[in-house]
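Basically full-length UniProt numbering = 1-based index in the sequence shown + 537.
Using N, Cα and C, we set each Cβ at its ideal position, and we do this for glycine too.
Predicted model only: the values in this text are computed from it and were never measured.
This report refers to the structure that appears directly beneath it.
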Amino acid sequence: RAKSGGRGTYVQYEPEMDAHLQAVQQMRVSLRQALANGDLEVHYQPLVDLHTGKITTFEALARWPHPERDQVSPAEFIPVAEETGLIGSLGEWILRQACTEALKWPPHVSVAVNLSPLQFRNQGLAATVGDILEETGLEASRLQLEITESVLLDDCDGNLQILKAIRRLGVKIAIDDFGTGFSSLGYLRTFPFDKIKVDRSFITDLPDGRESLAIVRAVAAIGRSLGIVTTVEGVERQRQFDVIKAEGFDEAQGYLIARPLPAEQATKLAHSAHVETSTTERG
Ligand code: C2E
Ligand code: MG
Ligand code: MG
Ligand code: MG
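Structure below.
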């Protein structure tokens with residue numbers, strides 16, 4: 538796959554590049570159109586409090602109902618948005634949607650929005666976040682932004698400053714896909730994260746995977762001693778849920794609890810008292 542060359546690198550020509558560039562070019566055109574036409578959607582997946590069984594947060598996840606395909610996964614179209622510079626306006630749109638939707642939920646329920654590292658190229662990102670909060674009227678404390686550690690990779694002092702400015706607004710910052718990068722633990726020292734979200738890959742083989750179990754146990758302990766909320770993504774089975782709860786995690790998210798839901802259904806769920814899988818009596 539061709540790299541969109543960084544400083545001082547040059548891209549060697551390879552025939553597959555044509556196909557790749559063409560596909561990207563095509564998707565870029567239709568993505569831009571979809572954004573302009575209001576064809577994109579945001580779905581919302583709940584995170585439940587493992588102590589009370591109540592929903593604390595919904596994560597906003599971008600959806601593109603595509604005319605020629607069933608759905609295009611965000612894992613596919615977010616990178617295209619990043620490669621083509623669309624991510625800025627796409628990201629703002631998602632943030633505005635999510636804040637607007639959250640106003641319909643009970644006030645103790647927050648909304649989490651994913652930020653692409655490339656959105657940090659916008660030096661005014663913190664101001665943009667502040668503007669959207671003001672415009673929509675959502676309380677800053679009800680917004681969480683999920684970043685991956687790539688935001689803080691090397692040479693990223695500028696990003697750190699932006700992140701601090703966002704946090705000064707009262708917005709909470711979560712580190713997403715925790716454990717998958719080069720130096721996850723190091724980043725806990727770099728920035729005072731409000732939440733750690735352990736990557737799904739550590740949950741998949743629970744409760745039998747000894748290594749995964751040891752790692753999630755350690756993360757729960759770190760979170761406890763640093764006063765950081767701990768959560769996991771990708772809980773699909775009751776036994777995984779039970780282990781995560783027993784290890785003292787604060788929250789969990791996954792298909793067992795609920796899939797990402799269209800806005801209207803999520804809002805209904807936000808107002809219902811209980812999420813069924815929040816008790817361990819099942820299965
Ligand atoms: P993520 O932020 O780590 O989001 C979690 C992903 O795991 C979501 O995939 C969610 O649907 C999926 N998931 C949740 N529970 C389970 C489960 O129990 N089992 C399995 N197998 N999967 C589960 P999705 O929606 O396809 O999004 C993929 C990635 O695309 C996200 O990973 C995030 O990095 C990115 N993304 C999605 N929406 C946005 C967005 O609005 N902005 C940005 N910048 N990135 C986004
Ligand atoms: Mg996320
Ligand atoms: Mg994640
Ligand atoms: Mg993930």
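- Item | Residues near Ile631 by beta carbon distance below 7 Å, same chain, minus five either side | Around Ile631, the same chain offers Val579, Ala597, Ala599, Val650 as residues with beta carbons nearer than 7 Å, after the five sequence neighbours per side are excluded.
- State the CB to CB distance for the pair Ser721 and Glu770, rounded to an integer number of angstroms; the pair is presumed to be in contact (CB under 8 Å). Contact between Ser721 and Glu770 is absent: CB atoms are separated by about 15 Å, not below the 8 Å threshold.
- Of the listed residues Leu700, Glu629, Arg565, Leu743, nearest to Asp779 (C-alpha basis): Check the Cα spacing between Asp779 and each of Leu700, Glu629, Arg565, Leu743: the tightest is with Leu743.
- Query: Counting by C-beta, which residues lie closer than 6 Å to a heavy atom of ligand 2, in chain order?
  - Reply: Those residues are Glu596, Asn651, Glu683, Asp713, given in chain order.
- Val648 and Phe595: beta carbons closer than 7 Å? For the pair Val648 and Phe595, the CB atoms are nearer than the 7 Å cut-off.
- Does DSSP classify Lys591 as helix, strand or coil? Assigned with DSSP and collapsed to three states, Lys591 falls in coil, not helix or strand.
- Message: Below 6 Å, is the gap between the Cβ of Ile669 and the nearest heavy atom of ligand 1?
- Response: Checking the Cβ of Ile669 against ligand 1 gives no.
- Is Gly771 near ligand 1, with its Cβ less than 6 Å from a heavy atom? Distances between the C-beta of Gly771 and the heavy atoms of ligand 1 include at least one below 6 Å.
- Item | Cβ shell of Ile684 (< 6 Å), same chain only, five flanking positions each side left out | Closer than 6 Å at Cβ, skipping near neighbours: Leu652.
- May I ask you to report which of helix, strand or coil DSSP gives Thr804? Annotated three-state conformation of Thr804 is helix, per DSSP.
- Under the rule that 16 or more other beta-carbon atoms within 10 Å means buried, what is Arg819, buried or exposed? Legend: pLDDT at Arg819 = 41, less than 50; position of this residue unreliable, value from coordinates given subsequently. Per the 10 Å Cβ criterion, exposed.
- Query: Does the beta-carbon distance from Leu682 to Ile712 come in below 7 Å?
  - Reply: For the pair Leu682 and Ile712, the CB atoms are not nearer than the 7 Å cut-off.
- Query: Does the count of Cβ pairs from the stretch 582-593 and the stretch 617-625 closer than 8 Å reach three?
  - Reply: Contact fails: fewer than three Cβ-Cβ distances are below 8 Å.
- Near ligand 1: Gly718 beta-carbon under 6 Å from a heavy atom: Result no, Cβ not under 6 Å from ligand 1.
- Message: Measuring only the C-alpha atoms, how far is Phe657 from Arg606?
- Response: The alpha-carbon atoms of Phe657 and Arg606 are separated by roughly 31 Å.
- Message: With H, G and I counted as helix, E and B as strand and the rest as coil, what does DSSP make of Leu743?
- Response: Here DSSP, grouped into helix, strand and coil, assigns Leu743 to coil.
- Message: According to DSSP, simplified to helix, strand and coil, what is Phe715?
- Response: In the structure shown, Phe715 falls within a strand segment according to DSSP collapsed to helix, strand and coil.
- Cβ contact check for the stretch 796-803 and the stretch 746-755: 3 or more pairs under 8 Å: Flag = no, the stretch 796-803 and the stretch 746-755 do not touch.
- Query: Do Val617 and Arg565 have their CB atoms nearer than 7 Å?
  - Reply: It is a contact, given that the beta carbons lie within the stated cut-off.
- To the nearest angstrom, report how far apart Val735 and Gly760 are at their CA atoms. C-alpha separation (whole angstroms): 11 Å.
- Taking the C-alpha atoms as reference points, what is the distance between Gln660 and Gln634? Spanning the two alpha carbons is a distance of roughly 22 Å.
- With respect to 6 Å, is the separation between the Cβ of Ala635 and the closest non-hydrogen atom of ligand 1 below this value? The answer is no for Ala635.
- Closer than 6 Å: is that where the CB of Tyr724 sits relative to any heavy atom of ligand 1? For ligand 1, not one heavy atom lies less than 6 Å from the Cβ of Tyr724.
- Query: Taking DSSP as the reference, what is the three-state secondary structure of Leu675?
  - Reply: Residue state, collapsed to three classes: coil.
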